[in-house]
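Notes to accompany the following structure.
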């Protein structure tokens, strides 16, 4: 598949991703000169994040000035907030890796139309690997068509994950998940860039991936690349409403099903009719299996937390 046959909007996204990747590559030559700020404990942002986001937004809005923007660092402050088209951007996924010189980080750009992801680009500048997809036209790595792996047994599966790292994360909950999954599969890996992790599922490097605490810009592009490669993606209960749930599981179909079965007791998703529950009930955020579990509704991340007009 040649660049000339790609969707025009995808071509613009690729141009933006490569421009951001060039900024990362230049900055990586002198990491000691970086100015680093901390958004919260263990959650970093650098001048490179801002520079990459700036060039991406400039490129996208230069081509489509009426489109909306949802970006990690600037939120929805750019673009048309009422557009049916919304670009969802993570300018540097894997910032902690980047500032340490660990070469696992990427640019992630997705385009949603009326809440559905239609274009996706994930660019790894350290390897010059370009993952991309257009809805209904397949997923690709550079010019090679991607397909998820053909493994069918959990005992043979290599699974990617992400560790909790922010203050307030439920580490005990994650350790229980880790213990259950680890005993069922061939191995677990945690490189530290969720957008790339999802692409690795699409490429068949992983057989599945799961993580909690993710934002829409972490998973939007990778989710389309996974599905266009023949994989499945959802929240921990297997439902497709994952973009704003802060939990995601993806995998080849035969591995996805048993992994969802393992992870579903740890889901924070609740039914739509429970969203208006009184505040005290909404505080029961974590569900941890016990010999005699109490029936307490876990909490779903509300879309309002991402902005009133966030997509999906």
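Residue numbers (the working numbering): 2 to 313. Glycine included, every Cβ here is placed at the ideal spot set by N, Cα and C. Predicted model, so just to flag it, every value in this text is computed and none were measured.
Of the listed residues 48, 245, 178, 21, nearest to residue 261 (C-alpha basis): 178
Using a threshold of 9 Å, state whether the C-beta atoms of residue 225 and residue 249 are closer than that. no
Using a Cβ distance threshold of 8 Å, determine whether the stretch 109-123 contacts the stretch 155-165, with at least three qualifying pairs required. no
Return the Cβ separation of residue 242 and residue 150 in integer angstroms, given the expectation that the two are a contact with Cβ distance under 8 Å. Not quite, the Cβ-Cβ distance comes to about 25 Å (not below 8 Å), so this is no contact.
How far does the beta strand (DSSP E) with residue 107 in it reach, from first residue to last? 107-114
Output the residue ranges of the alpha helix (DSSP H) runs that lie fully inside the stretch 4-54 and measure 4 residues or longer, sorted by chain position. Complete alpha helix (DSSP H) runs here, min 4: 9-28.
Relative to the C-alpha of residue 238, which residue among 269, 132, 30 is closest? 269
Does the Cβ-Cβ distance between residue 108 and residue 18 come in under 9 Å? yes
On a Cα-Cα basis, can you pick out the residue from 235, 130, 30, 143 that is closest to residue 257? 235
Can you list the alpha helix (DSSP H) stretches of 4 or more residues lying completely in the stretch 210-277, in chain order? 217-229, 254-264
Tell me which residue opens and which closes the beta strand (DSSP E) that residue 141 is part of. Counting along the chain, the beta strand (DSSP E) containing residue 141 begins and ends at 140-142.
Whole angstroms are fine: how far does the CA of residue 6 sit from the CA of residue 267? 43 Å
For a quick check, are the C-beta atoms of residue 196 and residue 94 less than 9 Å apart? Between residue 196 and residue 94, the gap from beta carbon to beta carbon is short of 9 Å.
Residue 76 versus residue 221: straight-line alpha-carbon distance, rounded: 15 Å
Is the beta carbon of residue 244 sitting closer than 9 Å to the one on residue 227? no
Counting C-beta neighbours from all protein chains within 10 Å, is the total for residue 246 16 or more, i.e. buried, or is it exposed? buried
C-beta atoms of residue 321 and residue 142 nearer than 9 Å: Within the shown structure, residues of the chain are numbered from 2 to 313, placing residue 321 beyond reach of any answer.
Look at the alpha carbon of residue 46 and the alpha carbon of residue 38, and state the distance between them as a whole number of angstroms. Distance between the alpha carbons of residue 46 and residue 38 is about 5 Å.
Run through DSSP, which three-state label would residue 137 get? coil
Does DSSP put residue 64 in a helix, a strand or coil? helix
What's the call for residue 83, buried or exposed, on a 16-neighbour Cβ count within 10 Å? exposed
For residue 153, which of helix, strand or coil comes out of DSSP? coil
Residue 148 and residue 223 look like a contact to me (Cβ under 8 Å); what is the Cβ gap, rounded to whole Å? Not confirmed; about 16 Å, so no contact.
Would you decide whether residue 59 is buried or exposed? Buried here means 16 or more other CB atoms lie within 10 Å of its CB. exposed
Of the residues 119, 263, 36, the one placed nearest residue 101, counting alpha carbons only: 36
Would you kindly check if the distance between the Cβ of residue 96 and the Cβ of residue 29 is under 9 Å? no
By DSSP, does residue 197 sit in helix, in strand, or in coil? The answer is helix: DSSP assigns residue 197 an H, G or I state.
Beta strand (DSSP E) segment containing residue 190, residue limits: 188-190
Tell me which residue opens and which closes the alpha helix (DSSP H) that residue 177 is part of. 172-183
What do you get for residue 80, buried or exposed, if any count of 16 or more other CB atoms within 10 angstroms of its CB means buried? buried
Nearest-angstrom Cα separation, counted from residue 233 out to residue 16: Rounded to the nearest angstrom, the gap between the Cα atoms of residue 16 and residue 233 is 28 Å.
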